[in-house]
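Chains A and B are the protein sequences, given in the same order.
Residue numbers for the first sequence follow the working numbering, so the first one is 1329 and each next one is one higher.
Residue numbers for the second sequence follow the working numbering, so the first one is 36 and each next one is one higher.
Here the structure is laid out as structure tokens; the discussion comes afterwards.
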Amino acid sequence: MAAVTPRFGRALLRLFAVQGSYNYERMLGLGVGVAEEPLLRGLPADGATSPYRAAVARGAHFFNAHPYLAGLAVGAAARAEHDGAPPELVEKLRAALCGPLGSIGDRLVWAGWLPLLSGLALAAVSLGAGWTAAVAFLVVYNIGHVALRWWALREGWKHGVRVASALHNPLLQRAATLAGPAMACAVGAALPLTAQYLALPFGAWGRGLIAVAAVIGFLAIRWLPGRLSGLRLALGFVAAALAVGWLWQ
Amino acid sequence: MSLESLIALLGWGTLVGVDLVSVPQMMIARPLVAGTVAGAILGDLDAGLKLGVVFELLQYDILPVGAVRYPEYGPATVTAVATAHAAAGALGLGLGAVVGLLIGLVGGISMHVMRRINSRVVHAASAVLESGDPRALVRLHVGGLLRDVARAALVTALGLALAWAVPPHVTGMLTPRGATLLAVAGVAAALAAGAAGTLRLVGRGPNLAWFAVGLGGGVVVATWLR
């Protein structure tokens, strides 16, 4: 293990750019291959059909998962290649990891950790914390972000083909369970505070209009899911306001 | 806006655009962070925070799972703040929102186009990739990264051009009442999108109760602070 430490560090650094060449054909595949490559360097590399080259080619095949947890697949596949696992097993392992890593990562990060901290930051700005709220958000978020990337790669590299056991880690399961309620509570609290922060500079009629338009907009998005996005609603609202403002001189 | 500020905003908008997907995803692309730093660059923290909050709420409407297409609000927020700073006064917030929304739309389209270009490049290089040549793999990956840098810079530059060109034309077009109406529209849409996006995220399960608890607490604090 000690002999691969610098390679492990290089793989970890490369994982931060795992989506650098994101595309609709191989999704994260190229990024995963690039991140895995340093961990494969111990394999025999002589000739055009060496185990090293075959493993590098496999590493760049289609892959899609949450980017922060992609390290788990990178480490596990690299360990499996070193352990002499058959190519079909390595491919199966990668394919089997796509769904769980995507699901857990989305629940834990995109629908948990990120909106939780964003909600807290919004509430803090609304309560007068100013720019320090944005800085605190960045620092705290990235403690979790970097720790998750590091943990994922380390666990994958440690367990190889038995990496599924890492996904049952009690801390990970507990974090995934707690993230949802904490996020819901934080964003719920942030919404009225943010509304007050944004509406305060307006006069009484402006505040009233914001309340009415926000309720109408909210109901419209809820009634037309998939057809009316926040962006479309906002573009419609500002276009209408520009037209009315221009005519109502 | 000085040339130094423009260059700094272009650099910041590019970093923010690259952070969203490519590298390092440390969330400087979040509108609250992107807007605050843009405000600091222009010496207008208030505009940075306000538009940061507006676009952060709009961001709740997006859940970036799979290959879903979505608007890009990072560079959009940077250019919205630049517009608000250039327009100043009552018009700033509303006009900033308009330019930001347009750039958010353009940013989203540009990401989709870039991914299609990446797909073609990767498809064309299939044989080289199957040979397991690590140098070719890294070269293709870095090529994708550089395309994203160029894309983010172009989107930000377009937004900054709008921030420079639009305010003088619109200032005489709208009365203070019209300017307020525009700002009201931007804020209301952000609140609607933020609330709808949050509820979609929360779902109808047990998290809904926690959302209600938070909402109640937020209302109490907001009322108490009035």
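Idealized CB from N, CA, C, for every residue including glycine.
Exercise for the section: Mind listing the chain A neighbours of B:V133? Cutoff is C-beta to C-beta under 8 Å, in chain order. Expected result: The answer, in chain order, is V1566 and L1570.
Problem - Integer-rounded CB distance, given that A:G1545 should sit under 8 Å from B:A224 - result: Right, their Cβ atoms sit about 6 Å apart.
Handout entry: Other residues of its chain near A:A1331: CB distance less than 6 Å, five sequence neighbours each side excluded
Key = Per-residue confidence for A:A1331 stands at a pLDDT of 48, beneath the threshold of 50, marking its modelled position as unreliable; the derived number appears in the next sentence. Nothing listed; no residue qualifies.
Exercise for the section: Leaving out five residues on either side along the sequence, give the residues of the same chain with a beta carbon under 6 Å from the beta carbon of B:L98. Expected result: Within the same chain, no Cβ atom closer than 6 Å to the Cβ of B:L98 is found once the five residues on either side in sequence are excluded.
Problem - Straight-line Cα distance separating A:L1445 from A:W1454 - result: Trp is not the amino acid found at residue 1454 of chain A; the sequence shown has Ser there. So the two alpha carbons sit approximately 14 Å from each other.
Practice task
May I ask you to report which of helix, strand or coil DSSP gives A:F1344?
Solution key: In this structure, A:F1344 counts as coil in the three-state DSSP scheme.
Handout entry: Where A:H1473 meets chain B, residues with beta-carbon distance less than 7 Å
Key = Under a criterion of Cβ atoms nearer than 7 Å, the residues of chain B adjacent to A:H1473 are, in order, M61.
Practice task
Taking a Cβ distance cut-off of 9 Å, strictly less, list which residues of the region 231 to 248 of chain B are near chain A, in chain order.
Solution key: Residues passing the 9 Å Cβ filter: A231, G232, T233, L234, R235, L236, V237, G238, G240, P241, N242, L243, A244, W245, F246, A247 and V248.
Handout entry: Contact set for B:P211: own chain, Cβ-Cβ below 6 Å, skip 5 residues either direction
Key = Counting only Cβ-Cβ distances below 6 Å, and skipping sequence neighbours, we find A125.
Exercise for the section: Identify every run of the beta strand (DSSP E) within the region 1364 to 1402 of chain A, keeping only runs that are complete inside it and at least 3 residues long; order them along the chain. Expected result: Complete beta strand (DSSP E) runs here, min 3: none at all.
Handout entry: Environment of B:A200 [buried if 16+ CB atoms lie within 10 Å]
Key = It counts as exposed.
Exercise for the section: Would you verify that the beta carbon of A:G1348 is, or is not, closer than 8 Å to some beta carbon of chain B? Expected result: At least one chain B Cβ lies under 8 Å of A:G1348.
Handout entry: chain B within 8 Å of A:V1502, Cβ atoms only
Key = Reading off the sequence shown, one finds Arg at residue 1502 of chain A, where the question assumed Val. At a cut-off of 8 Å, the C-beta of A:R1502 has no neighbouring C-beta in chain B.
Practice task
Could you tell me whether the region 157 to 165 of chain B touches the region 127 to 134 of chain B, using the rule of 3 or more Cβ pairs below 8 Å?
Solution key: For the pair of segments examined, the region 157 to 165 of chain B was found not to touch the region 127 to 134 of chain B: the number of CB pairs separated by less than 8 Å stays below three.
Problem - Neighbourhood of A:L1442 by C-beta distance below 6 Å, restricted to the same chain and skipping five residues each side - result: Same-chain partners within the cutoff: there are none.
Handout entry: Short CB-CB distance (under 8 Å) between A:T1505 and chain B
Key = Not closer than 8 Å to any Cβ of chain B, the Cβ of A:T1505 fails to qualify, so no.
Exercise for the section: Look at the Cβ atom of A:W1485, then the Cβ atom of A:L1343, and state whether they are nearer than 8 Å. Expected result: At a Cβ-Cβ threshold of 8 Å, A:W1485 and A:L1343 do not count as neighbours.
Practice task
Identify the contact partners of B:L172 in chain A, using a Cβ-Cβ distance below 9 Å as the criterion.
Solution key: Scanning chain A for C-beta atoms nearer than 9 Å to the C-beta of B:L172 yields L1358, G1361, V1362, E1365, V1384, A1385, G1387 and A1388, reported in chain order.
Problem - Of the listed residues B:L84, B:L44 and B:P66, nearest to B:Y95 (C-alpha basis) - result: Looking only at B:L84, B:L44 and B:P66, the smallest Cα-Cα distance to B:Y95 is reached by B:P66.
Problem - Beta-carbon gap between A:A1401 and A:L1425 smaller than 8 Å - result: With contacts defined as CB atoms closer than 8 Å, A:A1401 and A:L1425 qualify as a contacting pair.
Exercise for the section: Note the first and the last residue of the continuous alpha helix (DSSP H) segment covering A:Q1524. Expected result: Annotation for A:Q1524: the continuous alpha helix (DSSP H) segment containing it runs P1498 to A1527.
Exercise for the section: Determine, using beta carbons only, whether B:T215 comes closer than 8 Å to chain A. Expected result: Yes, its Cβ sits closer than 8 Å to a Cβ of chain A.
Problem - Cβ separation of A:L1561 and A:A1548, assumed to be a contact under 8 Å, to the nearest whole Å - result: The beta carbons of A:L1561 and A:A1548 sit about 6 Å from each other, so the pair counts as a contact at 8 Å.
Handout entry: Residue burial classification, A:Q1347 (beta-carbon count within 10 angstroms, cutoff 16)
Key = That one is buried.
Problem - Closest Cα partner of B:I13 within the set B:L93, B:A115 and B:L41 - result: Past the boundaries of the shown model lies residue 13 of chain B; chain B is included only from 36 to 261, so the question cannot be answered.
Practice task
Determine which residues share a DSSP beta bridge with B:M146 and list them.
Solution key: Partner(s): none; B:M146 has no beta bridge.
Exercise for the section: Would you kindly work out how many angstroms separate the C-alpha atoms of A:A1527 and A:R1535, rounded to a whole number? Expected result: Within the model, the alpha-carbon separation for A:A1527 versus A:R1535 is close to 6 Å.
Handout entry: B:A214 CB to nearest heavy atom of the ligand COA below 7 Å
Key = What this structure holds is no ligand at all, so the ligand COA is not there to describe.
Exercise for the section: Using a threshold of 8 Å, state whether the C-beta atoms of A:V1384 and B:L172 are closer than that. Expected result: It is a contact, given that the beta carbons lie within the stated cut-off.
Problem - Beta-bridge partners of A:N1351, as assigned by DSSP - result: Among the bridge pairs identified by DSSP, A:N1351 is matched with A:M1355.
Exercise for the section: Identify whether A:A1413 lies in helix, strand or coil by the three-state DSSP scheme. Expected result: Note: A:A1413 maps to coil in three-state DSSP.
Exercise for the section: Please say whether B:L140 and B:L110 have beta carbons closer to each other than 8 Å? Expected result: Here residue 110 of chain B is Pro; the residue named in the question, Leu, does not match the sequence. No, these two residues do not count as a Cβ contact at 8 Å.
Handout entry: Interface positions of the region 1437 to 1466 of chain A facing chain B (Cβ-Cβ less than 9 Å), listed along the chain
Key = Listed by position, the residues of the region 1437 to 1466 of chain A near chain B (Cβ gap below 9 Å) are W1438, A1439, L1442, P1443, L1445, S1446, G1447, A1449, L1450, A1451, V1453, S1454, L1455, G1458, W1459, A1461, A1462, V1463, F1465 and L1466.
Exercise for the section: Run down chain A in chain order and give the residues with a C-beta less than 7 Å from the C-beta of B:R186. Expected result: Neighbours of B:R186 on chain A: none; closest Cβ ~12 Å, over 7 Å.
Exercise for the section: Give the secondary structure of B:S57 by DSSP, where H, G and I count as helix, E and B as strand, and everything else as coil. Expected result: Taken through DSSP and simplified to helix, strand or coil, B:S57 comes out as coil.
Exercise for the section: Rounded to whole angstroms, what's the CA-CA distance from B:L243 to A:G1508? Just pull it up for me. Expected result: Roughly 10 Å between the two C-alpha positions.
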